[in-house]
Amino acid sequence: MPRTRRPSPEVYRRRRLAVLVALVLVVGLVWAGVSAISSWLAGPSTNGLDLPTGMAESSVVVEAGEPCPPGTVVVEAQVGSSSGENQSAFAPDETPYIWFSLTNTNSVDCTFNAGAKAQYFTIQSGDQNIWSSEQCDRDGLEDGNITLPAGETMSSPPSAWEKVFSSGSGCGADQAPVITDGASYHLKVEVSGELSTNSQQFVLN
386 MPRTRRPSPE VYRRRRLAVL VALVLVVGLV WAGVSAISSW LAGPSTNGLD LPTGMAESSV
446 VVEAGEPCPP GTVVVEAQVG SSSGENQSAF APDETPYIWF SLTNTNSVDC TFNAGAKAQY
506 FTIQSGDQNI WSSEQCDRDG LEDGNITLPA GETMSSPPSA WEKVFSSGSG CGADQAPVIT
566 DGASYHLKVE VSGELSTNSQ QFVLN
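Just so we're aligned, residue 386 is where the sequence shown starts under the working numbering, counting upward by one.
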């Protein structure tokens with residue numbers, strides 16, 4: 386019988402290389418399948434918003450450009466200077482300025498009524514109401530929808546508080562002055578039904 390010719394070492398090397406390549410392909414396919422299943426089980430991924438510390442992204446579903454759902458806009462009361470710099474104490478010759486900031490915790494831009502008609506400022510000392518913009522002349526104030534970018538904070542223009550009480554007759558500089566000389570006050574704000582998450586404290590010296 387004729388003798389069977391044994392493959393050369395080169396053929397053996399090629400066969401081993403082909404087996405190795407096939408094995409790598411199989412492992413890669415298995416790994417891709419496992420990753421796909423894991424991603425599917427985990428649900429869609431989100432990049433998350435870069436919100437201020439202490440704020441969480443809203444889980445409410447809203448379409449871009451629609452009104453911001455209730456509870457998804459964070460309102461914060463702010464007290465400081467006319468330039469919008471926060472300040473916690475005021476000298477006798479300084480006038481406090483009050484304003485608010487709005488943060489959209491949705492993952493898309495949405496609209497929000499931040500018009501003067503929808504704004505209410507209240508200054509208290511302890512549990513006593515000292516001054517309220519609700520007692521100001523509100524004739525002519527209007528609503529005003531603005532677009533809040535996703536995950537961003539916008540602030541209203543600062544307005545002067547004349548360090549006076551408000552009453553049924555108004556809230557301006559002609560009202561009775563409040564106590565100073567180290568007296569402590571705090572500001573709360575409501576905008577379009579959303580209450581400020583903080584009560585900003587400040588001192589009048």
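Glycine included, C-beta positions come from ideal geometry on N, C-alpha and C. Since this is a predicted model, take the numbers as computed values, not measurements.
Delimiting residues of the beta strand (DSSP E) encompassing residue i
i, result
"S517", "513-517"
"E461", "458-465"
"I484", "The sequence shown places Trp at residue 484, not Ile. W484 -> beta strand (DSSP E) spans 482-489."
"N498", "495-498"
"K502", "Unbroken run through K502: none, as it is neither H nor E."
"V588", "585-589"
For residue i, three-class secondary structure by DSSP
i, result
"A474", "strand"
"V419", "Because V419 sits at a pLDDT of 42, beneath the cut-off of 50, its placement in the model cannot be relied upon, and the following sentence gives the value as read from the coordinates. Reduced to three states, the DSSP call for V419 is helix."
"L436", "coil"
"P455", "coil"
"E448", "coil"
"E575", "strand"
Option nearest residue i by Cα separation, candidates the options
i, options, result
"V493", "C556, A441, C453, E519", "C453"
"G456", "F497, S468, I483", "F497"
"D435", "N590, T488, G525, T480", "T488"
"E547", "S554, A558, I531, A462", "A558"
"S552", "N590, W516, L589, I508", "W516"
Bridge-paired residues (DSSP) for residue i
i, result
"S569", "V588"
"S581", "V460"
Item to check | Continuous beta strand (DSSP E) assignments of at least 3 residues falling wholly in the stretch 506-560 | outcome: 513-517, 530-533, 538-540
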